[in-house]
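*Asks:* In order, the protein sequences belong to chains A and B. Each residue of the first sequence is one higher than the last, beginning at 1 in my numbering. Each residue of the second sequence is one higher than the last, beginning at 233 in my numbering. Okay, here's the structure, questions in a sec.
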Amino acid sequence: MIDQVRILIVEDDAALASGIARILEGEGHAVDVMATGEHAVLGAKQEPFGLVILDIGLPGIDGFEVLRRLRASEDRVPVLVLTARDALDDRVHGLDLGADDYMAKPFAMPELAARVRALVRRSQAQTGPKIVHGPLILDTLARRAQLGAAPLDLAAREWAVLEVLLARVEKIVSKDAIIQAVASWGEELTPNAIEVYVSRLRAKLDPAGVKIRTVRGFGYMLEEYKERKAGQ
Amino acid sequence: MLKALLPPVATLLVAGAAGAYFVSLEPASEAYDQALVDVGIALGERIRSTGAAVSFDLPGAAEQVLRTDKYDSIYYSVRRADGSALAGDPGLPPLPALQEPEDGVVRYDGEYLGQKIRVAALLVPCGGGTCTVQVAETTNKRRKLARNIVLSSLGPELLITLATLAIVWFGVKRGLAPLEDLSAEIRSRSARDLRPIDPAHAPEEARPLVGALNQLFGQVAESSGNQQRFLANAAHQLRTPLAGLQAHTEIALTQDVPEAHRAQLEQVHRATIRTARLANQLLALARAEPGGYRAATKPVNLRAVVEDAADEWVHRAMVKEIDLGFDLADARLSGDAMLLREALANLVHNALEYTPQGGHVTVTTGMRNAEAFLGGPRNDCAFLEVEDDGAGIPPAEREQVLERFYRVPGTAGTGSGLGLSIVREIAQVHGATISIHAGAHGRGCKVGLTFPHG
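Pasting the structure below:
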């Protein structure tokens with residue numbers, strides 16, 4: 001499991017803010033809610049938050065400005081942007097300014113929770129050498145893998161493919177992207193070869209409930225680990 | 233224009249010919265009349281008066297000469313003061329009573345032996361009284377002269393008229409050519425194109441018209457823009473409260489609630505999701521409509537658009553256990569990535585909505601020949617296609633499903649009936665053709681957009 005962190009929610013709609021807060025508290029996080037951008041900038045300076053959930057349409061200074069000020073003060077806290085505005089424009093703008101992820105309102109709570117988990121996991125992975133996904137642990141420093149209590153034997157190529165998928169849990173990774181990430185310079189790797197590595201990985205991970213989904217004609221997606229399924 | 237000009241010009245032509253006729257006929261007739269008078273004078277000199285007795289003597293040869301004329305019959309008569317005939321043709325019409333003699337001569341028209349004649353009557357003093365000498369001729373010469381005058385003046389008149397009409401026609405045509413260009417430009421515009429016309433491209437004379445048109449364009453664009461902005465704002469404003477509603481409903485559903493309440497909560501949840509989708513669709517419509525949003529035209533690769541958005545669709549497919557697959561090749565066109573993404577999202581959403589559990593949905597992009605241009609360069613039109621093996625759309629319904637809020641009768645599910653009309657609007661913005669067919673093996677549905685070359 002990922003560690004609990006302190007999360008700042010910046011949202012002026014009280015109903016939505018309290019809903020998000022309840023979900024995240026349910027996941028074990030400590031949550032603060034602020035309704036204006038000015039408070040958020042001050043608050044983020046005073047407290048070390050593990051994640052900021054930031055609405056764009058705030059009264060006073062808007063979410064873009066909050067983000068700009070956070071990044072200007074070298075604050076690398078992960079930021080998940082929420083917006084009721086036009087999807088693509090805001091996303092480009094938000095990600096340019098250094099947002100880590102983006103959600104268009106309205107959204108499903110389970111998806112929000114999953115995105116938050118992914119962001120927290122990513123920021124923790126950046127600070128430590130271990131990638132954790134359910135029972136799967138990859139120690140990137142020692143190059144040792146572990147599934148539950150047992151050590152997991154992975155060939156170099158399998159390790160590389162798994163690392164790419166782990167970096168983008170719940171996102172489709174195209175075969176081309178996997179080839180680019182895995183192939184050494186000047187080496188030709190076919191999509192068929194990737195299929196072979198994935199099927200070997202599946203054979204090793206599936207029994208423990210770690211699922212790699214094939215997206216026909218496109219690529220693969222490491223599904224979010226669901227603990228209940230592992231017990232079934 | 234020419235039609236309007238023809239009657240007055242024709243009238244002018246007739247009036248001109250008539251004017252020329254009368255103007256040149258009078259001096260000509262005058263000359264003939266004078267010839268009659270001269271004959272009359274010569275005849276008058278043949279009257280001899282001896283006291284009260286009056287006699288007239290004309291040798292036969294002279295009379296023959298007198299009566300000889302190439303075209304007309306010549307008549308004469310000489311009467312005494314009491315009106316009795318002295319010589320000549322006695323039945324010539326008498327002098328009109330009301331006409332005053334002019335230099336002792338009266339000229340008049342009359343009829344003799346069933347023919348029109350012109351008469352010159354001279355009053356000659358004789359034997360203490362006044363004798364009358366009448367000289368008359370038929371009007372053949374005069375009619376011939378009149379005909380010649382009309383014919384000779386009509387030719388030039390006709391030429392002048394034709395030349396006038398030609399000049400007017402060319403002038404009008406030339407003068408209106410810039411207006412033709414202007415109308416061609418306006419005709420070639422799409423309904424969405426409300427940009428003002430550049431007055432620099434319009435002719436001097438058409439500038440006020442261009443100004444008025446631009447003002448109209450501006451007003452239409454503004455009112456349409458206001459409407460679309462209202463729609464967009466309303467949709468934006470709806471999203472945040474809907475997000476709150478959805479959040480709390482979902483939280484409540486994760487908690488231990490009595491079964492009866494759970495069913496109601498689930499109803500609320502479904503309605504919330506539906507409303508949220510409707511808000512998004514209204515927003516998309518607002519964007520695709522004229523004046524609401526200026527579609528960007530930038531190089532777009534449909535393959536990249538699909539790859540970028542696929543994550544959102546895959547989760548929904550997973551929940552419904554539908555096999556969502558892709559067959560992606562580069563499909564480059566000039567267009568608006570955001571609108572194209574919206575069109576794709578609606579097509580995929582529809583396919584996932586109407587395909588049962590265990591079904592298949594495939595998104596394809598690439599380049600191909602537009603059917604209309606089979607002879608043209610190969611594979612130069614970008615296309616996208618979404619195919620499913622679900623319920624399909626009956627052929628009779630395929631036009632109607634593109635209409636707003638239309639839903640195929642008897643359809644399950646919670647669609648608003650806006651999805652395909654949004655796709656159609658976006659297709660129109662891009663000049664793309666939309667096609668709806670049955671899927672492979674006649675099952676399901678295949679909706680495709682084919683974009684114009686370039």
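Even glycine gets a Cβ: it sits at the ideal position worked out from N, Cα and C.
Would you please verify whether the beta carbon of Arg216 (chain A) is less than 8 Å from any beta carbon of chain B?
*Replies:* Indexing the first sequence from 1 puts residue 216 (chain A) at position 216. Yes, contact with chain B.
*Asks:* One question on the structure: do Val116 (chain A) and Val77 (chain A) come within less than 8 Å of each other, judged by their Cβ atoms?
*Replies:* For the purposes of this step, residue 116 (chain A) is identified with residue 116 of the first sequence, where counting begins at 1. For the purposes of this step, residue 77 (chain A) is identified with residue 77 of the first sequence, where counting begins at 1. It is not a contact, given that the beta carbons lie outside the stated cut-off.
*Asks:* From the DSSP secondary-structure annotation, give me the bridge partner or partners of Gly680 (chain B).
*Replies:* Walking along the second sequence from the start, residue 680 (chain B) turns up at place 448. Note: Gly680 (chain B) sits in a beta bridge opposite B:Glu617, B:Ser667.
*Asks:* Let's test the definition: count the other Cβ atoms within 10 Å of the Cβ of Asn380 (chain B) and tell me whether it reaches 16, buried, or not, exposed.
*Replies:* Residue mapping note: residue 380 (chain B) aligns to position 148 of the second sequence, counting from 1. The Cβ neighbour count for Asn380 (chain B), taken over all protein chains shown within 10 Å, is under 16; the residue is labelled exposed.
*Asks:* Going by Cα to Cα distance, which pick from A:Ala150, A:Leu147, A:Gly50, A:Met34 is closest to Gly63 (chain A)?
*Replies:* As a first step, residue 63 (chain A) is located in the first sequence; it is residue number 63 there, counting from the start. Minimum Cα distance to Gly63 (chain A) is reached at A:Met34.
*Asks:* The alpha helix (DSSP H) spanning Glu539 (chain B) covers which residue range?
*Replies:* Against the second sequence, residue 539 (chain B) aligns to sequence position 307. First-last of the alpha helix (DSSP H) with Glu539 (chain B): 534-552.
*Asks:* Using a Cβ-Cβ cut-off of less than 7 Å, give me the residues of the region 168-184 of chain A that come near chain B, in sequence order.
*Replies:* Lys171, Ile172, Ser174
*Asks:* Quick one: which unbroken alpha helix (DSSP H) runs of 4-plus residues sit fully inside the region 99-157 of chain A? Chain order, please.
*Replies:* 109-127
*Asks:* Rounded to whole angstroms, what is the Cα-Cα separation between Ala167 (chain A) and Glu223 (chain A)?
*Replies:* Here residue 167 (chain A) refers to the residue found at position 167 of the first sequence. Here residue 223 (chain A) refers to the residue found at position 223 of the first sequence. Inter-residue distance for Ala167 (chain A) and Glu223 (chain A) is about 12 Å (C-alpha atoms, whole angstroms).
*Asks:* Report all residues from its chain with a CB closer than 7 Å to the CB of Val169 (chain A); omit the five preceding and five following residues, and keep chain order.
*Replies:* Taking the first residue of the first sequence as 1, we reach residue 169 (chain A) at position 169. Counting only Cβ-Cβ distances below 7 Å, and skipping sequence neighbours, we find Ala118, His133, Leu222, Glu224.
*Asks:* Which whole-angstrom value is the C-beta distance of Thr587 (chain B) and Asp621 (chain B), which I expect to be below 8 Å?
*Replies:* Counted from its first residue, the second sequence places residue 587 (chain B) at position 355. Counted from its first residue, the second sequence places residue 621 (chain B) at position 389. Going by Cβ atoms, the distance from Thr587 (chain B) to Asp621 (chain B) rounds to 7 Å, so yes, they are a contact pair.
*Asks:* For His206 (chain B), does the three-state DSSP call read helix, strand or coil?
*Replies:* With chain B running from 233 to 686 in the structure shown, residue 206 (chain B) is simply not present.
*Asks:* Out of B:Asp304, B:Gln366, B:Leu560, which has the shortest C-alpha to C-alpha gap to Pro333 (chain B)?
*Replies:* The count along the second sequence starts at 1 and reaches residue 333 (chain B) at position 101. Among B:Asp304, B:Gln366, B:Leu560, the Cα nearest to that of Pro333 (chain B) belongs to B:Gln366.
*Asks:* Suppose you measure from the CA of Asp13 (chain A) to the CA of Leu70 (chain A); what does that come to, to the nearest Å?
*Replies:* Within the first sequence, the letter at position 13 stands for residue 13 (chain A). Within the first sequence, the letter at position 70 stands for residue 70 (chain A). Asp13 (chain A) and Leu70 (chain A) have their alpha carbons spaced roughly 22 Å apart.
*Asks:* I'd like the list of long-range same chain contacts for Glu25 (chain A), defined as Cβ closer than 8 Å, with 5 residues on each side in sequence excluded.
*Replies:* Start at 1 with the first residue of the first sequence, and residue 25 (chain A) comes out as number 25. Around Glu25 (chain A): Val31.
*Asks:* Considering only C-alpha positions, which residue in the set A:Ile179, A:Ile131, A:Gly37 is nearest to Asn234 (chain A)?
*Replies:* Outside the shown range of chain A, which is 1 to 232, sits residue 234 (chain A), and nothing can be said about it.
*Asks:* Is Thr504 (chain B) closer than 8 Å to Thr481 (chain B) when the C-beta atoms are compared?
*Replies:* One-based indexing of the second sequence puts residue 481 (chain B) at position 249. One-based indexing of the second sequence puts residue 504 (chain B) at position 272. Taking 8 Å as the cut-off, the Cβ atoms of Thr481 (chain B) and Thr504 (chain B) count as close.
*Asks:* Give me, in chain order, the residues of the same chain whose beta-carbon lies closer than 7 Å to that of His669 (chain B); leave out the 5 immediate sequence neighbours on both sides.
*Replies:* Here residue 669 (chain B) refers to the residue found at position 437 when the second sequence is read from its first residue. Around His669 (chain B): Lys678.
*Asks:* By the criterion of Cβ-Cβ separation under 9 Å, what are the contact partners of Lys211 (chain A) in chain B?
*Replies:* Start at 1 with the first residue of the first sequence, and residue 211 (chain A) comes out as number 211. Within chain B, no residue comes near Lys211 (chain A); the closest Cβ sits about 10 Å away, beyond 9 Å.
*Asks:* Kindly indicate if chain A contains any beta-carbon less than 8 Å away from that of Asp543 (chain B).
*Replies:* As a first step, residue 543 (chain B) must be located in the second sequence, where it is residue number 311. Yes, Asp543 (chain B) lies at the interface with chain A (some Cβ there is under 8 Å from its Cβ).
*Asks:* For the candidate residues B:Asp270, B:Gly361, B:Thr300, whose alpha-carbon lies nearest to that of Ala313 (chain B)?
*Replies:* For the purposes of this step, residue 313 (chain B) is taken as the residue at position 81 of the second sequence. Comparing Cα positions, the closest option is B:Gly361.
*Asks:* Rounded to the nearest angstrom, what separates Thr300 (chain B) and Ile306 (chain B) at their Cα positions?
*Replies:* Taking the second sequence and counting its residues from 1, the one referred to as residue 300 (chain B) is at position 68. Taking the second sequence and counting its residues from 1, the one referred to as residue 306 (chain B) is at position 74. Roughly 7 Å between the two C-alpha positions.
*Asks:* If you follow the alpha helix (DSSP H) that His39 (chain A) is in, where does it begin and where does it stop?
*Replies:* Locating residue 39 (chain A) in the first sequence gives position 39, where the first residue counts as 1. From DSSP, the alpha helix (DSSP H) with His39 (chain A) extends over 37-46.
*Asks:* Regarding Ala15 (chain A) and the ligand COA, is the C-beta to nearest heavy atom distance less than 7 Å?
*Replies:* The ligand COA is absent from the structure shown, which contains no ligands of any kind.
*Asks:* Are the CB atoms of Val66 (chain A) and Ala104 (chain A) nearer to each other than 8 Å?
*Replies:* Position 66 of the first sequence, counted from the start, is the residue given in the question as residue 66 (chain A). Position 104 of the first sequence, counted from the start, is the residue given in the question as residue 104 (chain A). No, these two residues do not count as a Cβ contact at 8 Å.
*Asks:* Do you know how far the Cα of Gln459 (chain B) is from the Cα of Lys226 (chain A)?
*Replies:* Your numbering for residue 226 (chain A) matches position 226 in the first sequence. Your numbering for residue 459 (chain B) matches position 227 in the second sequence. One C-alpha to the other measures close to 47 Å.
*Asks:* Is the region 383-398 of chain B touching the region 309-326 of chain B, taking contact as three or more C-beta pairs under 8 Å?
*Replies:* no
*Asks:* Just reading off the alpha helix (DSSP H) that Lys376 (chain B) is part of, what are its end residues?
*Replies:* Locating residue 376 (chain B) in the second sequence gives position 144, where the first residue counts as 1. Its alpha helix (DSSP H) spans residues 372-419.
*Asks:* With 16 other CB atoms within 10 Å as the buried threshold, where does Gly524 (chain B) fall?
*Replies:* Taking the first residue of the second sequence as position 1, residue 524 (chain B) is located at position 292. Residue confidence is low: Gly524 (chain B) scores 48 on pLDDT, short of 50, so the model does not pin down where it sits. Its coordinate-derived value is still stated next. The residue is buried, with at least 16 neighbouring Cβ atoms inside 10 Å.
*Asks:* Counting only the same chain and skipping the five closest in sequence on each side, list residues whose C-beta sits under 7 Å from that of Ala511 (chain B).
*Replies:* For the purposes of this step, residue 511 (chain B) is taken as the residue at position 279 of the second sequence. Only residues of its own chain outside the window of five on either side were considered, and among them Ala467, Leu470, Arg471, Leu474 have a CB closer than 7 Å to the CB of Ala511 (chain B), listed in chain order.
*Asks:* In chain order, what residues of the same chain lie with their CB nearer than 8 Å to the CB of Ala549 (chain B), ignoring the 5 residues before and after it?
*Replies:* On the second sequence, residue 549 (chain B) is found 317 positions in, with the first residue counted as 1. If we look at Ala549 (chain B) and ignore the five residues flanking it on each side, its Cβ neighbours are Asp555, Leu556, Leu584, Val593.
*Asks:* Can you grab the Cα-Cα spacing for the pair Val27 (chain A) / Val546 (chain B), in whole Å?
*Replies:* Working through the first sequence from its first residue, we reach residue 27 (chain A) at position 27. Working through the second sequence from its first residue, we reach residue 546 (chain B) at position 314. The amino acid occupying residue 27 (chain A) in the given sequence is Glu; Val does not appear at that position. Cα to Cα, the separation comes out at about 25 Å.
*Asks:* Are the CB atoms of Ile349 (chain B) and Gly359 (chain B) within a distance shorter than 8 Å?
*Replies:* Residue numbering aside, residue 359 (chain B) sits at position 127 when the second sequence is read from its first letter. Residue numbering aside, residue 349 (chain B) sits at position 117 when the second sequence is read from its first letter. No, the pair does not count as a contact, with Cβ atoms beyond the cut-off.
*Asks:* I want to verify the contact list: residues of chain A whose CB lies under 7 Å from the CB of Arg471 (chain B), in sequence order.
*Replies:* If you number the second sequence from 1, residue 471 (chain B) lands on position 239. Neighbourhood of Arg471 (chain B) in chain A, by CB distance below 7 Å: Ala84, Lys105, Pro106, in chain order.
*Asks:* Listed in chain order, which residues of the region 550-581 of chain B have Cβ atoms closer than 8 Å to some Cβ of chain A?
*Replies:* Listed in sequence order: Met550, Asp555, Leu556, Gly557, Phe558, Asp559, Leu560, Ala569, Met570, Arg573.
*Asks:* Give the straight-line distance between the Cα atoms of Arg144 (chain A) and Arg121 (chain A), rounded to the nearest whole angstrom.
*Replies:* If you number the first sequence from 1, residue 144 (chain A) lands on position 144. If you number the first sequence from 1, residue 121 (chain A) lands on position 121. Their Cα atoms are separated by approximately 19 Å.
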